[in-house]
Amino acid sequence: AEQFNIPVIPPRASLVPFTWKDSDKHFATLSGIALPIRATCGQQSFSNQMLFTHRGLSGPAILQISNYWDLGETVEIDLLPADDISTILTELRQSSPKLQLKTVLNRYLPKKLVELWLEQGVFKDNVIVQLSKAELARLDQLIHHWQFLPNGTEGYRTAEVTMGGVDTDFISSKTMQAKHTEGLYFIGEVLDVTGWLGGYNFQWAWSSAFACAEAIIEK
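Counted from 1, the sequence shown has number 14 at position 14 by UniProt numbering; the numbering is strictly sequential.
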């Protein structure tokens, strides 16, 4: 493409798992555990499953949000998107004040994650009626606003697709032919088109190939 003065958007791995920084590698002990989350980066959010792995975080929500992430940015993760931990604890402090915090958290989150937090000293297993406002606020931040800073991604080894590619501004969307170079066509993943999970990238490959073939046949 560049030989014909057609710009190429720098390619990178897309729909790809994140990797741990050294400071987060203790989470590797949770490998294989999945839970529903909401992941947010910038203005984009996805709600779906997240999977802890030996190398980092994966699962549909993470793969989707990776398309909107750049190195050095944090991803905010809500580990309990369907509930509000502050509301839960406030109500239980009235109805069951002698419950241990660990017992409550185990009802809503993976037990191994709760145990890891305890081992790391993230919170103390107090009776919930004894929790201070500061402790409640810290739990809310931990569970609903985890600021995850990836070390990077796993790269092309596990990526579903590639972002970047031939700039679509220079390609006819009807024929897939280069606008200023007769007989030069581009289809599929070589173009700067990236779909979400769910077969959209396959569909784009088939549809662009069909449009290209029709245009060539009609010549």
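Glycine residues also receive a C-beta, built at the ideal position from the N, C-alpha and C atoms.
With 16 other Cβ atoms within 10 Å as the buried cut-off, status of residue i
i           : result
residue 194 : buried
residue 129 : exposed
residue 143 : buried
residue 95  : exposed
residue 240 : Lying outside 1 to 219, the shown extent of the chain, residue 240 is not represented and no answer is given.
Residue range of the alpha helix (DSSP H) that includes residue i
i           : result
residue 38  : From DSSP, residue 38 is part of no alpha helix (DSSP H) but of the beta strand (DSSP E) over 34-41.
residue 215 : 200-217
residue 60  : 60-66
residue 117 : 111-119
residue 141 : 133-144
residue 103 : 101-108
Selected residue, minimal CA-CA separation from residue i, among the options
i           : options             : result
residue 73  : 143, 141 and 151    : 151
residue 197 : 85, 95, 108 and 63  : 63
residue 112 : 205, 92 and 28      : 28
residue 100 : 124, 119 and 117    : 124
residue 227 : 17, 209, 114 and 86 : An answer regarding residue 227 cannot be provided, because it is not within the stretch 1 to 219 covered by the chain.
Straight-line gap, residue i to residue j (C-alpha atoms, nearest Å)
i           : j           : result
residue 30  : residue 172 : 48 Å
residue 201 : residue 65  : 16 Å
residue 82  : residue 118 : 23 Å
residue 191 : residue 122 : 46 Å
residue 55  : residue 115 : 20 Å
residue 220 : residue 15  : The first residue shown for the chain is 1 and the last is 219, placing residue 220 beyond what the model contains.
residue 183 : residue 3   : 14 Å
residue 88  : residue 110 : 17 Å
residue 7   : residue 153 : 25 Å
residue 21  : residue 71  : 12 Å
9 Å Cβ cutoff, residue i in contact with chain B
i         : result
residue 3 : In the structure shown, chain B does not exist; there is a single protein chain.
Range covered by the beta strand (DSSP E) that runs through residue i
i          : result
residue 47 : 44-52
residue 14 : 8-14
residue 88 : Segment 85-95 is the alpha helix (DSSP H) holding residue 88; no beta strand (DSSP E) there.
* Any contact of the region 176-187 with the region 206-214, i.e. 3+ C-beta pairs under 8 Å? -> Cβ pair count under 8 Å is three or more, so yes.
* **contact_flag[the region 34-54, the region 78-87] where n(CB pairs < 8 Å) is 3 or more** => Yes, they touch.
* Tell me, please, whether the region 151-164 touches the region 133-141 by the rule of three or more beta-carbon pairs shorter than 8 Å. => Taking a cut-off of 8 Å on C-beta distances, the region 151-164 does not touch the region 133-141, as fewer than three cross pairs fall below it.
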